[in-house]
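Numbering (my numbering), first residue to last: 12 to 187.
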């Protein structure tokens with residue numbers, strides 16, 4: 012019985028942290044530092060920073076759910092509902108690049124995951140745009156501008172994850 016209660020508390024903790032991550036992804040994507048790029052309805056934001064943090068804090072299913080829900084809601088709230096299906100596929104793939112298995116957010120895999128997630132973002136949205144516009148050449152023009160998004164979010168993730176490691180966030184949240 013005691014072990015069952017512990018398991019329920021852990022599941023509640025994971026769901027709570029997942030919901031908080033989804034909310035932060037939504038807010039940081041749709042409202043905070045939301046700069047339209049003028050191309051294809053895209054915009055620069057720091058939401059991916061929180062997708063990366065979710066992937067570093069939570070087990071994969073929870074991180075993927077937070078990324079999909081947070082990113083999808085951000086597209087809806089920011090007036091880009093056309094991109095919701097692509098976002099709900101791409102953002103969980105970003106989260107899967109990261110691991111939550113270590114005691115620290117910044118580990119070797121998560122450092123490399125920043126680059127992998129950036130590549131997933133660029134390729135994923137290129138494919139989505141090519142499908143939406145029916146042309147595989149035109150979306151190539153947006154790739155250079157599209158690099159700003161994952162690079163900026165990656166740098167922000169490194170700074171925030173380093174600070175959260177120093178604060179011992181994983182231990183404080185009971186996610187070790």
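Even glycine gets a Cβ: it sits at the ideal position worked out from N, Cα and C.
Excluding sequence positions up to five before and after residue 167, its CB lies within less than 8 Å of the CB of 57 and 60, all in the same chain and listed in chain order. Annotated as distal: residue 154 and residue 138, with beta-carbon spacing of 8 Å or more. Residue 107 places its beta carbon 8 Å or farther from that of residue 85. Per DSSP, the unbroken alpha helix (DSSP H) holding residue 129 starts and ends at 119-144. A contact between stretches requires three or more CB pairs, one per stretch, nearer than 8 Å, and the segment 61-70 meets this requirement with the segment 168-183. Membership of residue 167 in the alpha helix (DSSP H) is indicated by the continuous run 159-178. In this structure, DSSP gives residue 47 an extended state, which the three-state scheme calls strand. Measuring C-alpha to C-alpha distances from residue 26 to each of 69, 45, 46 and 54 identifies 69 as the nearest.
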